[in-house]
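Read in order, the letters of the sequence shown are residues 88 to 300 in this note's numbering.
Don't be surprised by glycine CBs; every beta carbon is placed ideally from N, CA and C.
Owing to the predicted nature of the structure, the values given are computational and were not obtained by experimental measurement.
Reviewing the structure listed below.
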Amino acid sequence: MAKTNEATSTDLKVIEELRQLGWKPGDTLLYRQNKKKVYPKAILNWPEDEKPREKLLKNGEHTLSNSELLAILLRTGTKGQSAIDLARGILQKFKTFRNLSHTDLSHWKEIKGLGQAKIAQIKAAIEIGRRFREEEVKQENIKIKSANDVVDILMPRMRDLKKEVFKVVLLDSQNSIIDIIEATEGTVNQAGPIIREIFQKALLMKLKKPFRK
């Protein structure tokens, strides 16, 4: 039984043909050989130095194109197109990684060959990137000198949100960032923070000077 819809549309086609050849579960070699016939465009058929994952490990992630990086997350394509082809189709539709990060699930499903597992992998990778940036901000001992500094830090993450979100930047006595917390999430046009909870969090962290917009 297939565990995901993704498996149903790919591996089961290979398995069906293998059964006709007398294949039994566990015969990995025959499976791979037949998969190459069914999916001639698959990345596994490419020369080693052209495969995205191998290129990354050998030359570094900075040498890969956006499509190649995305293909590594996708892992597999579909019959008739490789993971690279699928990645190119995704980027052609959404244009940028920024657009990918704020796209509704319904729009993702419009792309043939993109199941829930692949969508989850992409969205998880984007979220890791966001959190990495937030960790950098906290560890760089950045000092807030004006409201513009806060905008520069929070705008990349918040500008495409579909709901109002109230965030609080917590500072020490030197105006260095200690933490950034999400106080509340509201509707499409308003978010009412609970002031008491904000100050409780500030006091727990022994803050002397919480920043206000």
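Limits of the alpha helix (DSSP H) - the one that Glu141 falls within: Its alpha helix (DSSP H) spans residues 139–146.
Any 3 or more C-beta pairs closer than 8 Å across the stretch 243–253 and the stretch 201–216: No, the stretch 243–253 is not in contact with the stretch 201–216.
Exposure of Ala158, with buried meaning 16 or more beta-carbon neighbours within 10 Å: Residue environment: Ala158 is assigned as buried (16 or more neighbouring CB atoms within 10 Å of its CB, all protein chains considered).
Assumed close pair Lys145, Leu151 - CB separation to whole angstroms, cut-off 8 Å: Taking C-beta atoms under 8 Å as the contact rule, Lys145 and Leu151 fail to qualify, at a distance of about 11 Å.
Alpha helix (DSSP H) segment containing Ile177, residue limits: Ile177 -> alpha helix (DSSP H) spans 170–181.
Closest Cα partner of Leu160 within the set Ile215, Val255, Lys249: If we check each option's Cα against that of Leu160, Ile215 comes out closest.
C-beta contact flag for Val256 and Ile282 at 8 Å: Result no, Cβ atoms of Val256 and Ile282 do not sit closer than 8 Å.
Local conformation of Asp239 per DSSP, three classes: In the three-state scheme derived from DSSP, where H, G and I count as helix and E and B as strand, Asp239 is classed as helix.
Rounded separation between Arg218 and Gln287 - CA only: Between the alpha carbons of Arg218 and Gln287 lies a gap of roughly 24 Å.
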